[in-house]
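Positions 3 to 217 (the numbering used here) are the ones given, in order, by the sequence shown.
Every residue gets a Cβ at the ideal spot worked out from N, C-alpha and C, and that includes glycine.
Quick caveat, the model's predicted, so the values are computed rather than measured.
Here is the structure we will look at, set down as structure tokens.
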Amino acid sequence: MARIAVIGANGSIGSAVVAEAAARGHELTAVVRDPDRYRGEAAFVERADVLDPADVARVAGGQDVLVSAVGGGDGPGHVALIEPAARALVEGLRALGDEAPRLVAVGGAGGLETAPGVRVWDTPGLPEPLLQIMHAHGAALDYYRTVSDIRWTVLSPSAEIGPGERTGRYRTGLEQLLTDAEGRSRISVPDYAVALVDEIEQPEHIGERFTCCSL
């Protein structure tokens with residue numbers, strides 16, 4: 003059993019991660035902006051601001067893993083939140099020294115390659131708000147890649163992620179966008195949560211980004 007704190011536990015991905023990890027017997031702490039509104043499956047609930055390193059250190063203390071599943075809503079919201087949150091998360095964990103938990107962050111698919119030297123965000127015709135979201139996640143990943151003193155992992159989803167069934171079946175890759183048997187790059191939120199909790203239980207990608215896709 004691991005002690006896992008999930009920042010953004012009220013969101014679709016955060017709540018799925020809590021549900022998946024709780025079902026496997028892990029001890030969950032939901033980290034949210036308004037604990038009174040939390041209705042999920044975590045045993046403990048904490049209020050914190052992901053942009054405040056002191057708050058990060060407080061909720062991360064005593065945990066084995068800190069999951070960041072924060073989202074900024076629209077494009078400008080992601081620009082204002084995602085990369086600054088990455089910096090605050092690292093600063094907060096550094097304050098804990100050798101006792102800092104591992105960090106697993108929800109990433110984006112925009113920086114994955116569709117061909118050598120070509121990324122998803124290079125696709126012609128993408129709307130500006132979507133590009134802002136993609137590049138916000140890209141900036142956060144660029145920052146994480148400068149960090150060597152914190153055990154971090156970023157999990158990028160497929161190009162399409164949304165509601166769906168939990169099959170427990172998926173495949174993983176590193177820098178290339180993956181597709182399923184029908185040629186689509188997609189994964190359900192529950193299966194994304196399976197991949198993330200599998201990585202918590204059997205670490206294979208410390209210090210790197212990886213991605214997952216339905217079979």
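Is the distance from the Cβ of LEU114 to the Cβ of LEU179 below 8 Å? Yes, the Cβ-Cβ distance between LEU114 and LEU179 is below 8 Å.
Measuring straight from C-alpha to C-alpha, what distance separates LEU30 and ASP54? Using only the alpha carbons, I get a separation of about 21 Å.
Coarse secondary structure for SER14, derived from DSSP in three states: SER14 sits in a helix when the DSSP states are folded into three classes.
Beta strand (DSSP E) containing ARG104: first to last residue? Where ARG104 is concerned, the enclosing beta strand (DSSP E) starts and stops at 104 to 108.
Going by DSSP, what residue range makes up the beta strand (DSSP E) through ILE9? 5 to 9 is the extent of the beta strand (DSSP E) around ILE9.
Which residues bound the beta strand (DSSP E) around ALA117? Segment 115 to 117, the beta strand (DSSP E) holding ALA117.
Is the CB-CB distance between VAL47 and ILE9 below 8 Å? Not closer than 8 Å, so no.
Cα separation between ILE163 and THR125? The C-alpha of THR125 is placed about 18 Å away from the C-alpha of ILE163.
Would a C-beta distance cut-off of 8 Å place VAL149 and VAL69 closer than the cut-off? If you check the CB distance, VAL149 and VAL69 do not come in under 8 Å.
Contact between the region 184 to 202 and the region 130 to 138 is defined here as three or more beta-carbon pairs at a separation below 8 Å; is this criterion met? Using a Cβ-Cβ distance cut-off of 8 Å, the region 184 to 202 and the region 130 to 138 are not in contact, since fewer than three pairs of beta carbons, one from each stretch, lie closer than that value.
Kindly indicate which three-state DSSP category LEU217 falls into: helix, strand or coil? LEU217: coil per DSSP, three-state reduction.
Using the Cα positions of GLY63 and GLU184, report the straight-line distance between them to the nearest angstrom. So the two alpha carbons sit approximately 44 Å from each other.
Please classify ARG104 as buried or exposed, where buried requires at least 16 other C-beta atoms within 10 Å of its C-beta. Label assigned to ARG104: buried.
Out of GLU206, ALA195, GLY166 and ARG168, which one is the CA nearest neighbour of LEU176? Nearest Cα to LEU176 within the set GLU206, ALA195, GLY166 and ARG168: GLU206.
Is GLY112 close to the ligand NAP? I mean its beta-carbon at under 7 Å from any heavy atom of the ligand. Within the structure as shown, the ligand NAP is missing, as the structure has no ligands at all.
Go ahead and pull the three-state DSSP assignment for GLY140. Judged by DSSP in its simplified three-state form, GLY140 adopts helix.
Below 8 Å, can you find three or more Cβ-Cβ pairs linking the region 152 to 168 to the region 207 to 216? Taking 8 Å as the limit for Cβ pairs, the verdict is that the region 207 to 216 does touch the region 152 to 168.
Delimiting residues of the beta strand (DSSP E) encompassing GLY175: Segment 172 to 175, the beta strand (DSSP E) holding GLY175.
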